[in-house]
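In the UniProt record's numbering, the protein residues as written are 1 to 285.
Below, the structure is given as structure tokens:
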């Protein structure tokens, strides 16, 4: 009996390694470009690499496939160039491996971008109602990375008041005076760049009261509107009540007089009744 033989092709899949990320070693300045690299070895067939910023996939990755001379597997690599902004600071960049041997996102590497940017100055007052005779402070917020290393306080069109003392990000007023009114400037520098902010100081009388906030105005307006609506509804209901009961009211007034029979006649005649061929109309005032 002849021996039968069969052939079968066995495909061995190579499981890719966890991707390796590089290019994050140094911080990047706002507006500059950074090139990131990702690579994975040991895949068969060749794996694919995908880039993500937070949860959003990034297009534009340039992929390269190389065969391993020592093993029947492949090394895949990808590079991605990004132009960064201040919103990219501390953003997580992910490189994920896509392969038949893996579930989605099974192997990935994550690193955070570090972006340096110049200050965006904002000046905050210690009180929304600076009053004469009170202590008062201004704070200069740099909103930068890294934080500002120097602050310079100035008064527009003049020198700082004698009782105003600068202390880094703060400008202290020991006792406010109407002569302190004016525009105050803060210049912040962090080595990447500098920026200037301004604040208009208007010193109020000691007896000045804080005005209601926008929320208080909204609440008061809503209450007034509800009260007006209720009054209008009551007026409409009362008016309809008077119209419906006007006839009954006149009848009771007429019957309450000393001449009751004549009152009945007057009411009947007023409603259009006739007697003896002549129209009779009597009115009670």
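Glycine included, each C-beta is placed from N, C-alpha and C at the ideal position.
The beta-bridge partner set that DSSP reports for residue 149 is empty.
Per DSSP, residue 122 is one residue of the beta strand (DSSP E) stretching across 122-125. Residue 233 is not bridged by DSSP to any residue.
When C-alpha distances from residue 62 are compared across 130, 35, 45 and 107, the shortest belongs to 35.
One alpha carbon belongs to residue 27, the other to residue 108, and they sit about 22 Å apart. In the DSSP secondary-structure assignment, residue 197 is bridged to 186. When C-alpha distances from residue 185 are compared across 178, 207 and 159, the shortest belongs to 159. Residue 153 holds the alpha-carbon nearest to the alpha-carbon of residue 167 among 226, 153, 239 and 9. When C-beta atoms of the region 88-95 are compared with those of the region 47-56, three or more pairs fall below 8 Å, so the two segments count as touching.
Between residue 181 and residue 124, the alpha-carbon positions lie close to 16 Å from each other. About 4 Å separates the Cβ atoms of residue 126 and residue 137, confirming a contact at the 8 Å cut-off. With a contact defined as Cβ atoms closer than 8 Å, residue 118 and residue 190 qualify at about 7 Å. Counting other Cβ atoms within 10 Å of its Cβ, residue 100 stays below 16 and is therefore classed as exposed.
It is roughly 58 Å from the alpha-carbon of residue 198 to the alpha-carbon of residue 46. Linking residue 44 to residue 17 through their CA atoms gives a straight-line distance of about 11 Å. As DSSP reads the structure, residue 138 sits in a beta bridge with 125 and 171.
For residue 60, the closest of 81, 41 and 77 by C-alpha to C-alpha distance is 81. Going by DSSP, residue 41 is part of the beta strand (DSSP E) stretching over 33-43. With contacts defined by Cβ atoms closer than 8 Å, residue 116 and residue 148 do not form a contacting pair. Residue 64 counts as exposed, since fewer than 16 other C-beta atoms from the protein chains shown sit within 10 angstroms of its C-beta. Per the coordinates, the alpha-carbon of residue 183 lies some 12 Å from the alpha-carbon of residue 203. DSSP, read as helix, strand or coil, puts residue 242 in helix.
Beta-bridge pairing by DSSP links residue 81 to 35.
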